[in-house]
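Q:
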Amino acid sequence: MTTDISHLKNLQGNSWRASVQRLGSRLAGMIMPNIGAFIAWGLITALFIPKGWLPNETLAGLVDPTIKYLLPILIGYTGGRMVHGQRGAVIGAIATMGVVVGADVPMFLGAMIMGPLAAFLLKLFDRRIEGKIKTGFEMLVNNFSLGILGGGLALVGVVGIGPIVQGLTNAASKAVDFLVDNSLLPLVSIIVEPAKALFLNNAINHGVFSPLGLDQARETGQSILFMIETNPGPGLGILLAYWFFGPKRLRASAPGAIIIHFFGGIHEIYFPYLLMKPRLIIAAMAGGMAGVATAMVTNSGLVAPPAPGSIFAYIAVTPRGGHVSVLLSIVMATAVAFIVAAALLKFGRGADVEDEATATIPEQAGAGVASGDATELPATAAPVAGSVSENGAVTTAPVILGSEVKTVVVACDAGMGSSVMLASQMRTRLKPYGVAVEHVAIADLPTDSRLVLTHSDLAERARRTVPQAVVVEFRMFLGDPAFDRLEKAIKEGEEIRG
1 MTTDISHLKN LQGNSWRASV QRLGSRLAGM IMPNIGAFIA WGLITALFIP KGWLPNETLA
61 GLVDPTIKYL LPILIGYTGG RMVHGQRGAV IGAIATMGVV VGADVPMFLG AMIMGPLAAF
121 LLKLFDRRIE GKIKTGFEML VNNFSLGILG GGLALVGVVG IGPIVQGLTN AASKAVDFLV
181 DNSLLPLVSI IVEPAKALFL NNAINHGVFS PLGLDQARET GQSILFMIET NPGPGLGILL
241 AYWFFGPKRL RASAPGAIII HFFGGIHEIY FPYLLMKPRL IIAAMAGGMA GVATAMVTNS
301 GLVAPPAPGS IFAYIAVTPR GGHVSVLLSI VMATAVAFIV AAALLKFGRG ADVEDEATAT
361 IPEQAGAGVA SGDATELPAT AAPVAGSVSE NGAVTTAPVI LGSEVKTVVV ACDAGMGSSV
421 MLASQMRTRL KPYGVAVEHV AIADLPTDSR LVLTHSDLAE RARRTVPQAV VVEFRMFLGD
481 PAFDRLEKAI KEGEEIRG
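Each residue of the sequence shown is one higher than the one before, starting from 1 at the first, in full-length UniProt numbering.
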């Protein structure tokens, strides 16, 4: 009975985390597809404003309209499309225009609200009249319903929602100013770094810091907020500590992870290392705080969000004269995270002995992939993840034969970083067996997916999105045994279990 209660508590915890991740993904999902536009604005700003590299009053005229009109409308368009396809995208853009006109600050937050809201209302209307339109009047009804509803919401945005959102934005900006003025901003890393390890990094950066940072950058030419979540220093320090002082079985993978993390900008690569020894979150927090504190002391900032968080992206969006201070914040974050992580790893003393107790963790990631695998869970063990419904009833986990697999869908939080990297690896491995590999955001998993490969922290969301699919979990993005078991099961036609 105790085991059942404990298992249900774990399920509730996973459900809560999945809900938070889902909300964060929706916020980030409106920003990330448009990151190229944000970078374009950042580069134009860095080059042509009066303090830029090539000051030019004519070309600098692009700066204000882009941040005030283009970027919010793109966000509203994307948010609407997420909810109701192309019709949702159009009405989302129309409704967003209302809050843009109704406020004096860039309406990123307003766009995140109005885009999905307008699309949702249109979706309800479309469902209500579905099958009730007389033949030949479909286009007339569809166009006018979108136009009337979109126009009405735009008017509401101008006179009502826009001013309210502006008040909220101003309040958030004042809160940031308070933290900066009182030297408290480094404390934000105490929240940010653990949240990143739960794959909320995109939500925090693109859902919170980017909108506030862009408003700040519009006024001052740079923002420190772009450097809080994206600083590669904490992750680099932890990976270096693993390389020098971690268990031998993990040291070999650390250099490759460092390259992908620091130069490729895919920070998710170090999250599993952090989760395997949760005490290292202290090192991540210390490194993050050191980086933010250094940026504050040196008055550092970036002109746009660096996406991905690569050192190359950092250099590209650093304002004129700011490279030394920006690089110093990364170096300090790296050094502090490395020193603290090395101490927590006891500088390698007894690392392998201590690791014996947890050595099976990565080995069991994706346990039960193949029915004949030695790591399969015994019948008396607790049910595998996804085999218990919300009311506690035991259900049958999905199963597929390796010989039936035609496509493997690799899913990550945003579908633009770690999933692309892993899909490339698996594509090479599975090509000889005629298996295609695709990558998507976990919220956009195709409804007909039959086999999904995702990190264990995202598996609950995958199972909720495509309950009929076999979900194979892994812990490490590089060299996880789950990848070998999946390839073996496909090659030999064995059962693969969800």
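Even for Gly, the Cβ is constructed at its ideal location relative to N, Cα and C.
On a Cα-Cα basis, can you pick out the residue from Leu-240, Leu-179, Ser-173 that is closest to Leu-345?
A: Looking at the Cα atoms, Leu-240 is the closest of the given residues.
Q: Would you call the CB atoms of Val-435 and Lys-406 closer than 8 Å?
A: Cβ distance < 8 Å, so Val-435 and Lys-406 count as in contact.
Q: Quick check: the Cα distance between Ile-224 and Arg-320, rounded to an integer number of angstroms?
A: About 15 Å.
Q: Within 10 angstroms of its Cβ, does Met-476 collect 16 or more other Cβ (buried), or is it exposed?
A: Under this definition Met-476 is a buried residue.
Q: How far does the alpha helix (DSSP H) with Ile-259 in it reach, from first residue to last?
A: Here Ile-259 belongs to no alpha helix (DSSP H), and DSSP marks it neither H nor E.
Q: At 4 residues or longer, what runs of the alpha helix (DSSP H) sit wholly inside the stretch 239-322?
A: Whole alpha helix (DSSP H) segments, 4+ residues: 248-251, 254-258, 271-276, 281-297, 311-316.
Q: Figure out for me which residue from Val-90, Pro-308, Gly-98, Leu-187 has the closest Cα to the Cα of Gly-291.
A: Looking at the Cα atoms, Leu-187 is the closest of the given residues.
Q: Please classify Arg-450: does DSSP put it in a helix, a strand, or coil?
A: Coil at Arg-450, not helix or strand.
Q: Quickly, what does DSSP pair residue 513 with across the bridge? List them, please.
A: Nothing in the structure corresponds to residue 513, since the chain is present only between 1 and 498.
Q: If distances are taken between C-alpha atoms only, which option among Gly-88, Lys-68, Ala-469, Arg-26 comes closest to Tyr-77?
A: Measuring from the Cα of Tyr-77, the nearest candidate turns out to be Gly-88.
Q: Inspect the beta-carbon positions of Thr-334 and Leu-236 and report whether they are closer than 8 Å.
A: Yes, these two residues count as a Cβ contact at 8 Å.
Q: In chain order, what residues of the same chain lie with their CB nearer than 8 Å to the CB of His-261, ignoring the 5 residues before and after it?
A: Hits under 8 Å: Pro-232, Gly-235, Leu-236, Leu-239, His-267, Ile-269, Tyr-270.
Q: Locate the alpha helix (DSSP H) running through Glu-193, then write down its first and last residues.
A: That run of the alpha helix (DSSP H) goes 189-195.
Q: Can you tell me where the beta strand (DSSP E) holding Arg-349 begins and where it ends?
A: Element bounds for Arg-349: n/a, residue is neither H nor E.
Q: Under 8 Å between C-beta atoms, does Phe-125 make it to chain C?
A: Judged by its chain identifiers, the structure shown contains no chain C, having just a single protein chain.
Q: I need the straight-line Cα distance from Ile-31 to Phe-137, nearest angstrom please.
A: If I take the Cα positions, the gap works out to 36 Å.
Q: Could you pull out every residue in the same chain whose Cβ sits closer than 8 Å to the Cβ of Lys-196, ignoring the five residues on either side in sequence?
A: Around Lys-196: Ile-204, Glu-229, His-267, Phe-271, Ala-284.
Q: In terms of alpha-carbon separation, which member of Met-112, Arg-450, Asn-56, Pro-65 lies closest to Gly-79?
A: Ranking the options by Cα distance to Gly-79, first place goes to Met-112.
Q: Nearest-angstrom Cα distance between Leu-422 and Val-317?
A: About 27 Å.
Q: Looking at the unbroken beta strand (DSSP E) that takes in Ile-496, where does it start and where does it end?
A: Unbroken beta strand (DSSP E) run through Ile-496: 495-497.
Q: Is the beta carbon of Ile-311 closer than 8 Å to that of Phe-263?
A: Yes.
Q: State buried or exposed for Gln-216, treating a residue as buried only when at least 16 other CB atoms are found within 10 Å of its CB.
A: With 16 or more Cβ atoms within 10 Å of its Cβ, Gln-216 is classed as buried.
Q: Using a threshold of 8 Å, state whether the C-beta atoms of Gly-288 and Val-192 are closer than that.
A: Cβ distance < 8 Å, so Gly-288 and Val-192 count as in contact.
Q: Just to confirm before moving on: does the CB-CB distance between Leu-302 and Met-227 stay below 8 Å?
A: Contact flag set, yes.
Q: For Leu-225, which three-state DSSP category applies?
A: Correct three-state label for Leu-225: helix.
Q: Roughly how many angstroms separate the alpha carbons of Glu-219 and Leu-200, rounded to a whole number?
A: Rounded to whole angstroms, Glu-219 to Leu-200 spans 28 Å at the Cα level.
Q: Touching or not, the stretch 90-105 and the stretch 153-162, by the rule of three or more beta carbon pairs under 8 Å?
A: Touching, yes, given that three or more Cβ pairs across the two stretches are closer than 8 Å.
Q: Have a look at Ala-381 and Ile-442 and give me their C-alpha separation to the nearest angstrom.
A: Reliability of the predicted coordinates at Ala-381 is poor, the pLDDT of 32 falling under 50, and the value obtained from them is presented with this limitation in mind. Roughly 28 Å separates the two Cα atoms.
Q: Output the distance between the C-alpha atoms of Ser-183 and Val-176, rounded to the nearest integer angstrom.
A: Cα-Cα distance, rounded: 10 Å.
Q: Under a Cβ-count criterion, where at least 16 other Cβ atoms within 10 Å of its own Cβ denotes burial, should Trp-53 be classed as buried or exposed?
A: Result: exposed.
Q: Can you tell me whether DSSP reads Thr-407 as helix, strand or coil?
A: Thr-407 falls in the strand class under three-state DSSP.
Q: What are the boundary residues of the beta strand (DSSP E) that includes Leu-401?
A: Per DSSP, Leu-401 belongs to the beta strand (DSSP E) from 399-401.
Q: Taking all protein chains shown into account, do 16 or more other C-beta atoms lie within 10 angstroms of the C-beta of Asp-181, making it buried, or fewer, making it exposed?
A: With fewer than 16 other Cβ atoms within 10 Å, it is exposed.
Q: CA-CA distance, Met-276 and Ser-418?
A: Distance between the alpha carbons of Met-276 and Ser-418: 18 Å.
Q: Less than 8 Å between the beta carbons of Gly-479 and Ser-300, yes or no?
A: The answer is no: Cβ separation not under 8 Å.
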